[in-house]
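J.: Converting from the sequence shown to our numbering requires adding 1127 to each position, the first position being numbered 1.
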Amino acid sequence: MIESNGFYEVQQYLNETEHVRSWIYVVVGSEQLEALPADQQAAVKEAAAEAEAYAQDLHEAETEAVRERLDEQGMTFNDDVDQEAFREAMMPALEEYFTEEQNELYLDILAEGEGGESE
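(1) Across which residues does DSSP place THR1226 in a beta bridge pair?
(2) Spatial neighbours of ARG1194 within its chain, please: C-beta separation below 6 Å, excluding the five flanking residues on both sides.
(3) For PHE1204 versus THR1144, is the C-beta spacing smaller than 8 Å?
(4) Hey, out of GLU1239, VAL1153, GLN1229, whose CA is closest to ALA1176's CA?
(5) If contacts are defined as beta-carbon pairs under 8 Å, then GLN1138 and GLY1201 qualify, I think. What distance do you get, rounded to the angstrom?
(6) Assign THR1144 to one of three DSSP states: helix, strand, or coil.
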């Protein structure tokens, strides 16, 4: 977004908050997945994991290429950002915006990203 919107033309510094993420995910309904034989369920899960890993590799390569181009445009990168402080500051707004179910899902996603268990 920073490159495609030309932010480098009007700002010198980039704080790496990582508050906007890009990802790929495979969505399959639980009933549909469970209706498949065990070997096909395993194949779907394996393919999803492969797609995720491939997408992550592409994302990392593109992020590095964009960073190099922004660096060439003179941007200064601040990668020493306290992301936890940003998360804590935003929690009241998220709690107000999210339904209870969405908030639980958000907290599960955070726990999963920290190596925790999700339901």
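For every residue, glycine included, the Cβ atom is placed at its ideal position computed from N, Cα and C.
T.: Taking the coordinates as given:
(1) Paired residue(s): none; THR1226 is not in a bridge.
(2) none
(3) no
(4) VAL1153
(5) Not confirmed; about 10 Å, so no contact.
(6) coil
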